[in-house]
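> Dropping a structure here in structure tokens format, bear with me for questions.
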Amino acid sequence: MDTSQLLKGVLDLAVLAVLRDEDGYGYDVLRRLRGGGLEEVGDASVYGTLRRLYRAGFLTSYVVPSDEGPHRKYYGVNDAGRERLVESERDWRAFAVAMDGILTKGVVA
């Protein structure tokens, strides 16, 4: 199954979830997502999602100098992002229950 379309639909939720308890910079977020089982998530998708969530007002950001190269832009979830995460998590769980029912019992008309 091509999971790229599935990832597009849940990447906002996944990024907010991995940033819920600890801020992170782009590559760190990517590493956490892949470590959590989303091995196929692309670099550009994660960086684009971070920028979009920031512009939408769900993330804060700050820059930290790095001794190992260019500075790192860290992102953290703000109050609006936490609200969005709760809403998105509720929607995801309802969707997963519906899909489980369809896959288990078939479509009931």
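Using the UniProt record's numbering, you'd call the opening residue of the sequence shown number 1 and step up by one each time. For every residue, glycine included, the Cβ atom is placed at its ideal position computed from N, Cα and C.
What first and last residue would you give for the beta strand (DSSP E) that runs through Gly76?
Indexing the sequence shown from 1 puts residue 76 at position 76. Note, Gly76: beta strand (DSSP E), Arg72 to Val77.
> Under three-state DSSP, which class holds Ser66?
Sequence index remark: in the sequence shown, residue 66 carries index 66 (1-based). It is coil, neither helix nor strand.
> Rounding to the nearest angstrom, what Cα-Cα distance links Lys8 and Leu59 in this structure?
Translated into positions along the sequence shown, residue 8 becomes position 8. Translated into positions along the sequence shown, residue 59 becomes position 59. The alpha-carbon atoms of Lys8 and Leu59 are separated by roughly 19 Å.
> Who are the Cβ neighbours of Asp12 in its own chain at under 7 Å, not counting the five residues just before and after it?
Residue 12 sits at position 12 when you count from the first residue of the sequence shown. Closer than 7 Å at Cβ, skipping near neighbours: Thr49, Leu53 and Ser88.
> Measure the beta-carbon distance from Val77 to Leu38 and round it to whole angstroms, keeping in mind my assumption that it falls under 8 Å.
If you number the sequence shown from 1, residue 77 lands on position 77. If you number the sequence shown from 1, residue 38 lands on position 38. Not confirmed; about 18 Å, so no contact.
> Just mark Arg84 as buried or exposed, buried being the case when its beta carbon has 16 or more other beta carbons within 10 Å.
The sequence position of residue 84 within the sequence shown is 84, counting from 1. Classification of Arg84: buried, given that the 10 Å Cβ count is 16 or more.
> For residue 119, which residues of its own chain have a beta-carbon under 8 Å away from its beta-carbon, when the five flanking residues on both sides are left out?
Missing from the structure shown is residue 119; the chain here goes from 1 to 109 and no further.
> Assign Leu103 to one of two classes, buried (16 or more other C-beta atoms within 10 Å of its C-beta) or exposed (fewer than that).
Numbered from 1 along the sequence shown, position 103 holds the residue referred to as residue 103. By the neighbour-count rule (16 or more Cβ atoms within 10 Å), Leu103 is not buried but exposed.
> Going by DSSP, what residues sit across from Ser61 in a beta bridge?
Here the question's residue 61 lines up with position 61 in the sequence shown. Answer is Tyr75, bridged to Ser61.
> Please report the distance separating the alpha-carbon of Arg72 from that of Lys105.
Within the sequence shown, the letter at position 72 stands for residue 72. Within the sequence shown, the letter at position 105 stands for residue 105. Roughly 48 Å separates the two Cα atoms.
> Cα separation between Val63 and Leu33?
On the sequence shown, residue 63 is found 63 positions in, with the first residue counted as 1. On the sequence shown, residue 33 is found 33 positions in, with the first residue counted as 1. Distance between the alpha carbons of Val63 and Leu33: 21 Å.
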